[in-house]
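Shown next, in structure tokens, is the structure this report addresses.
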Amino acid sequence: MHVKKCKALGGTQEEMLEAIMIAASTRAGAILSHATHALISFEEQSHPPTHKSTDSPSSAPDCFC
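Each residue of the sequence shown is one higher than the last, beginning at 1 in UniProt numbering.
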């Protein structure tokens with residue numbers, strides 16, 4: 001949800017990373033776990049897979065946020 005909103009508002013991956021680093025510097029909970037999921041989601045939304053099979057279960061959710 002946050003990744004989609006960030007992208008919809010024109011946010012960049014660099015801006016997301018800056019926010020992540022600020023949260024990490026203030027020791028904001030489980031930031032590293034959530035950050036890796038957010039960055040992967042951001043990248044996947046930028047480069048969607050060319051083919052997604054509906055027959056087999058996905059190894060990861062489409063969006064982690």
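Ideal Cβ placement from N, Cα and C applies to all residues, glycine included.
Query: Compute the Euclidean distance between the alpha carbons of G11 and R27, then round it to the nearest angstrom.; Result: 23 Å
Query: Can you tell me where the alpha helix (DSSP H) holding T36 begins and where it ends?; Result: 31-46
Query: Could you round the C-beta distance between K7 and Q45 to whole angstroms and report it? I think they count as a contact, below 8 Å.; Result: 6 Å
Query: Buried or exposed, going by whether 16 or more other CB atoms sit within 10 Å of the CB of A24?; Result: exposed
Query: Please tell me whether A30 and I20 are closer than 7 Å, where the distance is taken between their beta carbons.; Result: no
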